[in-house]
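Position 48 of the sequence shown, counting from 1, maps to 50 under this note's numbering, and the rest follow consecutively.
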Amino acid sequence: MQKFIADMWNFIFNHEVNPLRNIPDIGARHMILQILGWMWAGAFALATGSYVLLPASFVGHAILIAAAAVTTATYTAAAYKPEVFVSGSGRRHDGEHI
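Structure (structure tokens):
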């Protein structure tokens, strides 16, 4: 059980283990992991603070589900198209938009 927890922790938080490892720029990896962390902190803060009212709880759960979807999409993009996260995204090598 301890190994399972350690493996899950590394998969989520270790940029050398999770799909962000496919992004060649370590600065971009760090920035993306920071953004995901702030997103999850905000999502949990809104979700836990909203359990007083049922409609607010629905919104909190929707935010948590959206955060999970954003994380999954980010990890999937990092696994299959890491070049999306390279600086200058959206531009060709000559500087023009794609």
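Positions of the beta carbon are idealized from the N, C-alpha and C atoms, including for glycine.
Rounded to a whole number of angstroms, what is the C-alpha to C-alpha distance between residue i and residue j?
i, j, result
"A71", "A79", "12 Å"
"A8", "E85", "29 Å"
"A69", "E98", "32 Å"
"D96", "I25", "21 Å"
"W40", "H63", "17 Å"
"A88", "W42", "A small fix is needed here, since residue 88 is Val in this sequence, not Ala. Between V88 and W42, the C-alpha separation is close to 23 Å."
"Y77", "P57", "31 Å"
"A30", "I37", "10 Å"
"T74", "I14", "11 Å"
"M3", "K83", "33 Å"
"V19", "M10", "10 Å"
"H32", "N12", "15 Å"
Return the chain-ordered list of same chain residues with a C-beta closer than 8 Å to the C-beta of residue i, the five sequence neighbours on each side being excluded.
i, result
"F46", "L66"
"I34", "L22, I25, T76, A80, F87"
Starting from the C-beta of residue i, find all residues in its chain whose C-beta is less than 7 Å away, skip the five residues before and the five after it, and write them out in chain order.
i, result
"R23", "H17"
"L55", "none"
Take residue i and list the residues in its own chain whose beta-carbon comes closer than 6 Å to its own, dropping the five residues that flank it on each side.
i, result
"P21", "Y77, A80, A81"
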